[in-house]
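Participant:
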Amino acid sequence: MARQAPANPLVAIIGATGTGKSQLAVDIAVRFNGEIINGDAMQLYHGLPIITNKISVKERKGIPHHLLGCIGLEEQTWTVTSFVSEALKVIDEIRSRGKLPILVGGTHFYTQALLFKDALVKDGQNQNQSEESFEDMPKRWPELEESTEKILEKLQEVDPVMANRWHPNDRRKIQRSLEIYLETGKKASDIYEEQKLRRQDSPLSDQDVSNASIKKEPSTTSRVRFPTLIFWVHASQDILRDRLDDRVDTMLKAGLLKEIDDLEAFLQAQVKAGHTVDQGKGIWVSIGYKEFKRHHQSRQRGDMGSLALSKLYTEAVEQTKAATRQYAKRQVRWIRSKLLSALIDAEAKDYLMPLDGTDPRLWDSKVEGPATDLTKRFLAGVALPNPTQVSDVAEELLKLKEQDRSSASKHLWMRKTCDVCNVTGTTEIQWTQHIKSRAHRKAVSKFNAREHASVSRTTTDPVPCRKIQEKNSTQLKDFTAVVK
2 MARQAPANPL VAIIGATGTG KSQLAVDIAV RFNGEIINGD AMQLYHGLPI ITNKISVKER
62 KGIPHHLLGC IGLEEQTWTV TSFVSEALKV IDEIRSRGKL PILVGGTHFY TQALLFKDAL
122 VKDGQNQNQS EESFEDMPKR WPELEESTEK ILEKLQEVDP VMANRWHPND RRKIQRSLEI
182 YLETGKKASD IYEEQKLRRQ DSPLSDQDVS NASIKKEPST TSRVRFPTLI FWVHASQDIL
242 RDRLDDRVDT MLKAGLLKEI DDLEAFLQAQ VKAGHTVDQG KGIWVSIGYK EFKRHHQSRQ
302 RGDMGSLALS KLYTEAVEQT KAATRQYAKR QVRWIRSKLL SALIDAEAKD YLMPLDGTDP
362 RLWDSKVEGP ATDLTKRFLA GVALPNPTQV SDVAEELLKL KEQDRSSASK HLWMRKTCDV
422 CNVTGTTEIQ WTQHIKSRAH RKAVSKFNAR EHASVSRTTT DPVPCRKIQE KNSTQLKDFT
482 AVVK
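Positions 2 to 485 (our numbering) are the ones given, in order, by the sequence shown.
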C-alpha cells in the first residue's frame, strides 16, 4: 500500500572508515539525481587528499560534492553547530535545484546533530558560538578549572541528577554538565527532560496518523529533522582490519609523507609568524600526522642513522594502522549506542538499513542493489521492508545493548560506590556486573576474613559477610528508584 511521498527527503550514509560509504553515495546520486554533502570533519579542510582520505575527482563521477575542502588550514576549526548551520544551507540549495541531498561521512557526531533537532543542548546558547568562545570559558567560569572533585561538588549543589549520572572521575562530562548550568541558568537534567517531553507531546499530523497503520514515518514534529533513510555500510571486523591496513600502505605509496611535510612546514610558518596553533584539535589530530611526527622531525634534523630511522618509520606505520582500526571501532560503537538509541526514541529505527559491504565482489547484490531499491521505495512513499529482510547482518547490528539503553535512561542515573573494592557504578547494569564479579566476591571474602579475625576475640557475631551482602543488595534495589 502506497502512502504520500515524503516531503524534503534526505538520504544519509554512515559506517566505519573503509567500508565504501563514499562509493555508495555516488551510486545513489547518479541513480536519483542527487548531490552529496560531506559529513567528515577532516575532509572539511582544503587540500591534503591523502591524509583526509577524500574521494578523488574521478571517483565522484561528476556528482557535486559540498563542504569538501571548504576550510583553510589557517581558519578556525568548525564546531558541530557551525557544521549543522552550513549543512542545512546546502541542503536547502540542493532541494531548490530539484535534487536529492545525500549526507555521507564518518563523523557520526556531526551526522546525528544534523539528523535530530535536539541532538545538541542549545537552550540559552549562542548559535554562532565559536571555538574561541569555548577557549575563553575558563575566564568567564573559573570554577570549571577547579579539581574534578570541586566541580562535582558544585554540580551536586545545582544539579544532583546529573551529578549522580557521571562517574566521579569523568571530568569532561562533569565539567560539561556544570558548564550548561552556568551558560544557560538551567539544569542540564531539566533541559534533557524538557526535550524528552516535547518529543512525547508532539502531536501527529493527519497524514502521520493515516500512515501509522502502514509504518510510522517520523513526522516533522518529531526529533527527526527531515524524513531520512539511513544506510549503514558495514564490514566484518577481520576483513575490515586487513582492508584498513592495506589502505595505510596505499596512502604511503601515494605520498602521505609529503603531506605530513607540508603540514609541518605550515605549522612552523604559523609559529614563526607569532600565531598560536592548537595541535589538540582539527587537522592536527588527523590519523597519520601525529603518528609520523617523530619520524618527520628526525628525518628533517638528519641526526639519526638509517637503521634507527627505518625502525622509527616502521613504528609509525604500525601506530597509524592501529589508530585507524581503533577509529573504525569507535565509529561503530557510536552508531550502536548513540545513534541507534536516538532513532529508537524517535520511533525511526526501521529507517536505518544495515548493508553488508564485507565482500567487494558482492557489492552490487549486497549493497548497491538493495540501496537502490530501498531509495526508490522511500522516495515514492512505498512502505519499506523490515531491515532484517534486507540484510543478514541487520538483526545483530540493530540489537541495542542494555548498557547503552540504561545510560540514556534518566531513572537509572544513580551512582553507587563499593566500599570494599572502591569501585563506582553509574547505572544498575554496571553495579550488578560489579557485585557479581569474581574480583568483588574475592575482595569481600578477604574483607570478611579480616573482619572475622579482628572481632572473633571480642564478639560472637559470626556473619560480617551477611552485612556486606545485605548492603550490596540494598544499594542494588536503590537503582530501581525513579529520580524525581
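Beta carbons: idealized from backbone N, C-alpha and C, even for Gly.
1. Contact between the region 252-264 and the region 9-21: three or more CB pairs below 8 Å?
2. For the candidate residues Val383, Ala395 and Ser86, whose alpha-carbon lies nearest to that of Ala6?
3. Once you ignore the five residues that flank Leu11 on each side, which residues in its own chain have a CB closer than 6 Å to its CB?
4. Report buried or exposed for His276, applying the criterion of at least 16 other Cβ atoms within 10 angstroms of its Cβ.
5. Taking Cβ positions, are Lys187 and Val162 nearer each other than 9 Å?
6. Does DSSP put Asp357 in a helix, a strand or coil?
7. Hey, is the region 307-326 in contact with the region 86-104, meaning 3+ C-beta pairs nearer than 8 Å?
8. Below 8 Å on the Cβ atoms is my contact criterion, and I expect Leu356 with Phe232 to pass it. Report the Cβ-Cβ distance as a whole number of Å.
9. Going by the beta-carbon positions, is the gap between Gln113 and Lys339 smaller than 9 Å?
10. Going by DSSP in three states, Glu150 sits in which element: helix, strand or coil?
11. Taking DSSP's pairing of strands, which residues face Ile14 in a bridge?
12. Look up Thr425 in the DSSP assignment and say whether it is helix, strand or coil.
13. What are the uninterrupted segments assigned as alpha helix (DSSP H) that are 4 or more residues long and contained completely in the region 305-335, given in chain order?
14. Per DSSP, which residues does Glu36 bridge with? Please list them.
15. Given 8 Å as the limit, tell me if Thr112 has its C-beta closer than that to any heavy atom belonging to the ligand PLP.
16. From which residue to which residue does the alpha helix (DSSP H) around Thr185 run?
17. With 16 as the cutoff for other CB atoms within 10 Å, does Gly306 come out buried or exposed?
18. Just to confirm my understanding: we take Lys59, look at its own chain, exclude 5 residues before and 5 after, and list those with CB closer than 7 Å. What are they?
19. Does the beta-carbon of Arg224 have 16 or more other beta-carbons within 10 angstroms, so that it is buried, or is it exposed?
20. Rounded C-beta distance between Lys234 and Ile436? I'm assuming under 8 Å.
21. Using the Cβ count rule (16 or more neighbours within 10 Å means buried), how would you classify Gln24?
22. Using DSSP with H/G/I as helix, E/B as strand and the rest coil, what is Lys123?
23. For Lys291, tell me which candidate among Gln332, Lys400, Leu257 and Glu87 has the shortest Cα-Cα distance.
24. According to DSSP, is Ile64 part of a helix, a strand, or is it coil?
25. Between the region 241-249 and the region 362-373, do three or more beta carbon pairs fall short of 8 Å?
26. Use the C-beta contact count for Gly99: other C-beta atoms within 10 angstroms, 16 or more gives buried, fewer gives exposed.
27. Classify Asn170 as buried or exposed, calling it buried when 16 or more other Cβ atoms lie within 10 Å of its own Cβ.
28. Report the rounded CA-to-CA distance for Ala395 versus Pro388, giving the unit in angstroms.
29. Around the Cβ of Pro371, are there at least 16 other Cβ atoms within 10 angstroms (buried) or fewer (exposed)?
30. In terms of DSSP beta bridges, what is Thr418 paired with?
31. My output table needs one value for Phe267: the three-state DSSP class, helix, strand or coil.
32. Report the partner residues of Ile72 according to the DSSP bridge assignment.
33. Straight-line CA distance for Ala236 to Asp360?
Facilitator: Looking at the coordinates:
1. no
2. Counting from one through the sequence shown, the residue named residue 6 turns up at place 5. Selected option, being the one with the closest Cα: Val383.
3. For the purposes of this step, residue 11 is taken as the residue at position 10 of the sequence shown. For Leu11, where only same-chain residues beyond five positions count, the Cβ hits under 6 Å are Pro102, Phe227 and Thr229.
4. What you label residue 276 is simply residue 275 of the sequence shown in a count that begins at 1. Label assigned to His276: exposed.
5. On the sequence shown, residue 187 is found 186 positions in, with the first residue counted as 1. On the sequence shown, residue 162 is found 161 positions in, with the first residue counted as 1. For Lys187 and Val162, no; Cβs fall outside 9 Å.
6. By one-based count along the sequence shown, residue 357 stands at place 356. Three-state DSSP puts Asp357 in a strand.
7. no
8. Counting from one through the sequence shown, the residue named residue 356 turns up at place 355. Counting from one through the sequence shown, the residue named residue 232 turns up at place 231. With 8 Å as the limit, Leu356 and Phe232 qualify as a contact, their Cβ atoms being about 6 Å apart.
9. Start at 1 with the first residue of the sequence shown, and residue 113 comes out as number 112. Start at 1 with the first residue of the sequence shown, and residue 339 comes out as number 338. Cβ atoms of Gln113 and Lys339: closer than 9 Å.
10. Locating residue 150 in the sequence shown gives position 149, where the first residue counts as 1. Looking at Glu150 - three-state DSSP - the assignment turns out to be helix.
11. The residue you call residue 14 lines up with position 13 of the sequence shown. Val105 and Phe232.
12. The residue you call residue 425 lines up with position 424 of the sequence shown. Strand at Thr425.
13. 307-335
14. Stepping through the sequence shown from its first residue, residue 36 is reached at position 35. Answer is Pro102.
15. The ligand PLP is absent from the structure shown, which contains no ligand whatsoever.
16. Residue 185 sits at position 184 when you count from the first residue of the sequence shown. Start and end: Arg172 to Thr185.
17. Residue 306 sits at position 305 when you count from the first residue of the sequence shown. Flag for Gly306 reads exposed.
18. Against the sequence shown, residue 59 aligns to sequence position 58. None.
19. As a position in the sequence shown, residue 224 is number 223, starting the count at 1. Per the 10 Å Cβ criterion, buried.
20. Position 233 of the sequence shown, counted from the first residue, corresponds to residue 234. Position 435 of the sequence shown, counted from the first residue, corresponds to residue 436. Strictly speaking, residue 234 in this sequence is Val, with Lys absent from that position. Contact doesn't hold; Cβ gap of about 40 Å is too wide.
21. As a first step, residue 24 is located in the sequence shown; it is residue number 23 there, counting from the start. So Gln24 counts as buried.
22. As a first step, residue 123 is located in the sequence shown; it is residue number 122 there, counting from the start. In this predicted model, Lys123 has a pLDDT of only 42, less than 50, meaning its place in the structure is not dependable; the value taken from the coordinates is given anyway. Note: Lys123 maps to coil in three-state DSSP.
23. Within the sequence shown, numbered from 1, the residue matching residue 291 stands at position 290. Selected option, being the one with the closest Cα: Leu257.
24. Looking up residue 64 in the sequence shown gives position 63. Ile64 falls in the coil class under three-state DSSP.
25. no
26. On the sequence shown, residue 99 is found 98 positions in, with the first residue counted as 1. It is exposed - the Cβ of Gly99 has fewer than 16 other Cβ atoms within 10 Å.
27. The residue you call residue 170 lines up with position 169 of the sequence shown. Its Cβ having fewer than 16 others within 10 Å, Asn170 is exposed.
28. Start at 1 with the first residue of the sequence shown, and residue 395 comes out as number 394. Start at 1 with the first residue of the sequence shown, and residue 388 comes out as number 387. Taking the straight line joining both Cα atoms gives about 6 Å.
29. Locating residue 371 in the sequence shown gives position 370, counting from the first residue. With 16 or more Cβ atoms within 10 Å of its Cβ, Pro371 is classed as buried.
30. Here residue 418 refers to the residue found at position 417 of the sequence shown. Bridge partners of Thr418: Thr425.
31. Walking along the sequence shown from the start, residue 267 turns up at place 266. Helix, per DSSP.
32. Sequence index remark: in the sequence shown, residue 72 carries index 71 (1-based). Per DSSP, Tyr46.
33. By 1-based counting over the sequence shown, the position of residue 236 is 235. By 1-based counting over the sequence shown, the position of residue 360 is 359. Distance between the alpha carbons of Ala236 and Asp360 is about 8 Å.
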